[in-house]
Ligand SMILES: NC(=O)c1ccc[n+]([C@@H]2O[C@H](COP(=O)([O-])OP(=O)(O)OC[C@H]3O[C@@H](n4cnc5c(N)ncnc54)[C@H](O)[C@@H]3O)[C@@H](O)[C@H]2O)c1
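Numbering (the working numbering), first residue to last: 3 to 320.
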């Protein structure tokens, strides 16, 4: 297969590159290196075609889509810090950029997977969250919701293209996905905690630490994505992809300290001090993965300890 990955130099995109190259597919990526990096794909060398460019470049995207069999649309502006510090650029990438990629896929009738997010569900207190659950979103002036809103419009456009133009699209909603190559620079909690623990620095919890999450290892997410692409029954559908085992952020910090034998202490910072205005957090976000487990033979293999060890090994190897 000739696979085109947008955002292929990013965290999840680069792991998709690894898996596809390993099985003999040909891979082309377009990435503007805003949050991704050449380091993530350096080991692949000439095994993939790397184009440094922007997904809003219509001519580039149309040409690259036309030459591919499958498009995996992973490029996005994400991370709480990115969204709050560069809202205009983030909205533009997440909505306009996704529109360009989707319209190109529709123009050339290509199989496409789009990466959406659990942020779609916003503040819906119902847990676990399943694919048909409502979106409960704050006011647009709380800019953290622009990520959710842009992804929701992207999903809606994909669905409309499926209905009106028979676009072979599958939408995935990734819950917290973690693993090697994820950077803590943009606010991602696991790499931030593990790198602090390995350096013996204080582990800084934003808020009181009672907020809870479920983490999924990137290798498990990649297996799910590749199984969904391979199965035409998934066309036109939306799937949650997430791990098992809910953990509070305080428990996560304690677990990271234990697994890395760290002397780090835990500190607490109020949200108002940690983030620019416009931030609000959800207390819980638990994926209901019944639908994907029914559609493909998949379940996440990594435990939380396995995830922490994998991230710690990555930082130690750097
Ligand atoms: N990691 C998670 O927990 C998670 C959760 C939910 C959804 N997602 C989604 O998964 C996808 C991949 O996320 P990730 O965690 O690998 O993040 P990432 O930041 O590592 O990857 C995104 C990539 O897109 C690139 N990019 C950004 N804007 C671009 C533009 N305008 N043109 C070209 N390239 C651009 C970045 O440089 C980066 O390499 C995203 O769509 C994201 O919204 C991730």
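Ideal placement from N, C-alpha and C gives every residue a C-beta, glycine not left out.
Q) Mind checking whether residue 171 and residue 317 have CB atoms under 8 Å apart? A) As a first step, residue 171 is located in the chain shown; it is residue number 169 there, counting from the start. As a first step, residue 317 is located in the chain shown; it is residue number 315 there, counting from the start. Taking 8 Å as the Cβ cut-off, residue 171 and residue 317 do not qualify as a contacting pair.
Q. Which ranges does the beta strand (DSSP E) cover as unbroken runs of at least 3 residues, wholly within the region 157-207, from first to last along the chain?
A. 171-176
Q.
At a threshold of 7 Å, does residue 290 count as lining ligand 1 (C-beta to nearest heavy atom)?
A. The residue labelled residue 290 in the question sits at position 288 within the chain shown. Not under cutoff, so the answer is no.
Q: Could you tell me if the beta carbon of residue 126 falls within a distance shorter than 7 Å of some heavy atom in ligand 1?
A: To locate residue 126, count along the chain shown from 1; it is residue 124. Flag unset: Cβ of residue 126 not near ligand 1.
Q. Looking only at C-alpha atoms, which of 3, 132, 288 sits nearest to residue 178?
A. Your numbering for residue 178 matches position 176 in the chain shown. Comparing Cα positions, the closest option is 288.
Q.
When you compare the CB positions of residue 226 and residue 294, do they come within less than 8 Å of one another, or not?
A. As a first step, residue 226 must be located in the chain shown, where it is residue number 224. As a first step, residue 294 must be located in the chain shown, where it is residue number 292. Taking 8 Å as the Cβ cut-off, residue 226 and residue 294 qualify as a contacting pair.
Q | Whole alpha helix (DSSP H) elements within the region 12-48, 4-residue minimum | A | 13-24, 41-44
(Q) Across the region 26-37 and the region 230-249, are there enough close Cβ pairs to call them in contact, namely three or more that are closer than 8 Å? (A) no
Q: Identify which residue in 49, 146, 173 has its Cα closest to the Cα of residue 159.
A: The residue you call residue 159 lines up with position 157 of the chain shown. The option with the nearest alpha carbon to residue 159 is 173.
Q: Check whether the Cβ atoms of residue 109 and residue 282 lie closer than 8 Å to each other.
A: Residue mapping note: residue 109 aligns to position 107 of the chain shown, counting from 1. Residue mapping note: residue 282 aligns to position 280 of the chain shown, counting from 1. Contact flag unset, no.
Q) What runs of the beta strand (DSSP E), each 3 residues or longer, lie entirely inside the region 252-292? A) 268-271
**Q.** Contacting residues, own chain, Cβ-Cβ under 6 Å from residue 259 (five flanking each side not counted)
**A.** Counted from its first residue, the chain shown places residue 259 at position 257. Within the same chain, residue 259 has close Cβ partners 199, 266.
Q | Reference residue 212; option with closest CA among 262, 192, 8, 254 | A | What you label residue 212 is simply residue 210 of the chain shown in a count that begins at 1. Minimum Cα distance to residue 212 is reached at 254.
Q: Check whether the region 80-98 touches the region 124-140, taking contact to mean three or more Cβ pairs, one atom from each stretch, closer than 8 Å.
A: no
Q. How about the region 181-190 and the region 297-316: do they share at least three Cβ pairs that are nearer than 8 Å?
A. yes
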